[in-house]
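One structure is given here, and the rest of the page talks about it.
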Amino acid sequence: MQQVVNKASELLAGLDRGESLPSSWYTDPAMTEQEIHKIFRKSWQYVGPTQQLKDIGDFITGYVGEIPVVIVHNENGLEGFINVCRHRRHEVMKGCGNAKIMQCRYHAWTYDLCGELKAAPRSDREPNFSTSDYPLLPIKVEKLGPWVFANADPDCRPLESYFGQVLDIIAESGIDLDNLELWERSEWDARANWKTMLENYLECYHCPVAHPGFSAAIDVDQDSYKLTAYEWFSSQVGYVRESALEGNAKIKTYDAKGSVKQAQYHLLWPNFTININPGFPNLSVDVWLPNGPNTGKGFSEQYFAPGVDKKWAEELIHFNVEVGNEDDVLTNSVQLGLIGGTPSVGRFLTNSEHLCIHFQKLIVKAMCD
Ligand SMILES: [Fe+2]
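In terms of our numbering, the sequence shown is residues 4 to 372.
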């Protein structure tokens, strides 16, 4: 790692010239281990939607840099805890739902919704044991629009200071974030490094080549499809093609008519993406995680405005799945190239792949901090 740190300025200068990070950053288990600590435990990680936390007792669970977390709506509002029992470190809560207490299913140590340990069977016979010594440990929780994030770094900056501006850009698409309903949530696995996948997400240079259906619906021309790097998030904005609206697209696509005229694809540092397609109000989000260096995992949530036509919703989901499958073929193949390790460094086009360059710079800065 010391060698990597010393090379930071060299790597950043290389990125300005379009030279990518070396392949070992995508294949070395030690790099993934460092990323957990330096990236995922130092950044805001998405856990779940506010609509699952409306009532007192509602809770959701997730992971922040592999640390199990539970977010609960208690008498103080939303509070986050490390979801690990102080006894034997079993996870306390599973999934999501509504609960009156938080009880570990291993030995029934029982915490209240504020994380205080209220009961530990047989502890009354234990010398020097006080339940007040073993509350669940706290973790920071904040909201962005309809989404709840947690951060394992107690000194982290507010979530809004990183991403507040993205809410204004989303509003320009015609989406009202307060008027979306969760349609489904799914988990996935992938055969590529999480960064390989996100760098594919961050450019549409490959769209005309690899996504014929997508490119028939969205104008992916270099002069109309805009990619903008902000400090902590990146945005891509495209427009629906007239031919798609008229039903004359080169390739049959979903019906893109509706109040949303823009396509928007945002990456919020380091691993949360927001996707909006033209048509009836729709939005999906994804969380992208490492699963060792050469494989990835994550989850996705699909949202629609109320009253969506079921058949249309399924068509749009199918459209997104098709694009995702086409991307998987690409990123699986890139990962094989990276595993080979030669050539170690790739060459970005600085006019079409500047969001990838920006992302890699954030990676370098986080890893060498
Ligand atoms: Fe793609």
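By construction, the Cβ of each residue, glycine as well, lies at the ideal position given by its N, Cα and C atoms.
When the Cβ atoms of the segment 30–45 are set against those of the segment 288–302, are three or more pairs found closer than 8 Å? Judged by Cβ distances under 8 Å, the segment 30–45 makes contact with the segment 288–302, as three or more pairs qualify.
Does any heavy atom of ligand 1 sit closer than 7 Å to the C-beta of Cys210? Counting from one through the sequence shown, the residue named residue 210 turns up at place 207. Yes, the Cβ of Cys210 comes within 7 Å of a heavy atom of ligand 1.
Among Ser26, Phe302, Asp19 and Pro273, whose alpha-carbon lies nearest the alpha-carbon of Pro52? Here the question's residue 52 lines up with position 49 in the sequence shown. If we check each option's Cα against that of Pro52, Phe302 comes out closest.
In whole angstroms, what separates the C-alpha of His269 from that of Arg125? Position 266 of the sequence shown, counted from the start, is the residue given in the question as residue 269. Position 122 of the sequence shown, counted from the start, is the residue given in the question as residue 125. Their Cα atoms are separated by approximately 51 Å.
For my contact list, Glu221 and Gly250 are in at a C-beta cut-off of 8 Å; report their separation, rounded to the angstrom. As a working mapping, residue 221 is identified with position 218 in the sequence shown. As a working mapping, residue 250 is identified with position 247 in the sequence shown. Note on identity: in this sequence residue 221 is Ile, with Glu being the wrong assignment. With a Cβ gap of about 15 Å, Ile221 and Gly250 do not count as contacting.
Can we say the segment 319–336 touches the segment 268–287, given the rule of at least three CB pairs closer than 8 Å? Contact between the segment 319–336 and the segment 268–287 is present, because at least three Cβ pairs lie under 8 Å.
By a C-beta neighbour count over all protein chains shown, 10 Å radius and 16 as the cutoff for buried, is Ile63 buried or exposed? Within the sequence shown, numbered from 1, the residue matching residue 63 stands at position 60. The Cβ neighbour count for Ile63, taken over all protein chains shown within 10 Å, is at least 16; the residue is labelled buried.
What residue does the beta strand (DSSP E) around Ser238 start on, and which one ends it? Position 235 of the sequence shown, counted from the first residue, corresponds to residue 238. Unbroken beta strand (DSSP E) run through Ser238: Phe236 to Tyr242.
Give me the residue from His357, Ala316, Glu38 and Thr334 with the minimum Cα distance to Glu187. For this step, residue 187 is matched to residue 184 along the sequence shown. A check of alpha carbon separations from Glu187 across His357, Ala316, Glu38 and Thr334 identifies Ala316 as the nearest.
Beta-carbon spacing of Val348, Ser27 below 8 Å: Against the sequence shown, residue 348 aligns to sequence position 345. Against the sequence shown, residue 27 aligns to sequence position 24. No, Cβ-Cβ distance for Val348 and Ser27 is not below 8 Å.
Determine the closest residue to Val72 out of Val95, Pro309, Asp61 and Asn182, with distance taken between C-alpha atoms. In the sequence shown, counting from the first residue as 1, residue 72 sits at position 69. Distance from the Cα of Val72 is smallest, within the candidate group Val95, Pro309, Asp61 and Asn182, for Val95.
Are Ile59 and Asn77 closer than 8 Å when you measure CB to CB? Stepping through the sequence shown from its first residue, residue 59 is reached at position 56. Stepping through the sequence shown from its first residue, residue 77 is reached at position 74. Yes, Cβ-Cβ distance for Ile59 and Asn77 is below 8 Å.
Any heavy atom of ligand 1 within a distance shorter than 7 Å of the CB on Val326? Against the sequence shown, residue 326 aligns to sequence position 323. Taking non-hydrogen atoms of ligand 1 into account, the C-beta of Val326 is found less than 7 Å away from one of them.
At the level of alpha carbons, what is the spacing between Phe217 and Glu318? As a first step, residue 217 must be located in the sequence shown, where it is residue number 214. As a first step, residue 318 must be located in the sequence shown, where it is residue number 315. Distance between the alpha carbons of Phe217 and Glu318: 13 Å.
Output yes or no for whether 8 Å exceeds the beta carbon distance between Tyr165 and Trp272. For the purposes of this step, residue 165 is taken as the residue at position 162 of the sequence shown. For the purposes of this step, residue 272 is taken as the residue at position 269 of the sequence shown. At a Cβ-Cβ threshold of 8 Å, Tyr165 and Trp272 count as neighbours.
Hey, quick one: how far does the beta strand (DSSP E) through Tyr257 stretch, first residue to last? The residue given as residue 257 occupies position 254 in the sequence shown. Premise fails: Tyr257 is in no beta strand (DSSP E) and is neither H nor E.
Would you identify the three-state DSSP class for Leu339, choosing helix, strand or coil? For the purposes of this step, residue 339 is taken as the residue at position 336 of the sequence shown. Secondary structure at Leu339: helix, using DSSP grouped into helix, strand and coil.
Grouping DSSP H, G and I as helix and E and B as strand, with all else coil, what is Trp150? Start at 1 with the first residue of the sequence shown, and residue 150 comes out as number 147. In the structure shown, Trp150 sits in a strand (DSSP, three-state: E or B).
Which value, in whole angstroms, describes the spacing of the CA atoms of Ala111 and Gln48? Reading the sequence shown from its first residue, position 108 is the one you call residue 111. Reading the sequence shown from its first residue, position 45 is the one you call residue 48. Answer to the nearest angstrom: the Cα atoms are 29 Å apart.
Give the DSSP bridge partners of Met105, in chain order. Position 102 of the sequence shown holds residue 105. Paired residue(s): Tyr114.
Going by C-alpha distance, which of Ala122, Ile254 and Cys99 is nearest Ala219? Mapped onto the sequence shown, residue 219 falls at position 216. Ranking the options by Cα distance to Ala219, first place goes to Ile254.
Simplified DSSP assignment, three categories, for Phe43: Along the sequence shown, one-based indexing puts residue 43 at 40. In the three-state reduction of the DSSP assignment, Phe43 falls in the helix class.
I think Lys1 touches Leu18, with their Cβ atoms under 8 Å apart; what is that distance to the nearest whole Å? The shown model of the chain, from 4 to 372, leaves out residue 1, and the question about it has no answer.
Arg89 in three-state terms, based on DSSP: Counting from 1 along the sequence shown, the entry for residue 89 is found at position 86. In the structure shown, Arg89 falls within a coil segment according to DSSP collapsed to helix, strand and coil.
Just grab the DSSP bridge partners of Trp191 for me. To locate residue 191, count along the sequence shown from 1; it is residue 188. Under DSSP, Trp191 shares a beta bridge with Gly301.
With the cut-off set at 8 Å, would you say Ala308 and Leu183 are in Cβ contact? Residue 308 sits at position 305 when you count from the first residue of the sequence shown. Residue 183 sits at position 180 when you count from the first residue of the sequence shown. Cβ distance < 8 Å, so Ala308 and Leu183 count as in contact.
Going straight from the alpha carbon of Lys300 to that of Thr334, what length do you get? The residue you call residue 300 lines up with position 297 of the sequence shown. The residue you call residue 334 lines up with position 331 of the sequence shown. Spanning the alpha carbons of Lys300 and Thr334 requires a straight line of approximately 13 Å.
Can at least three beta-carbon pairs, one atom from the segment 222–232 and one from the segment 193–202, be found at a separation below 8 Å? The segment 222–232 is not in contact with the segment 193–202.
In terms of residue numbering, what span does the alpha helix (DSSP H) encompassing His361 cover? The residue labelled residue 361 in the question sits at position 358 within the sequence shown. Counting along the chain, His361 sits inside the alpha helix (DSSP H) bounded by residues His357 to Met370.
With DSSP as the reference, please indicate the residues paired to Val144 in a beta bridge. Within the sequence shown, residue 144 is the residue found at index 141, counting from 1. Ala153, per the DSSP bridge assignment.
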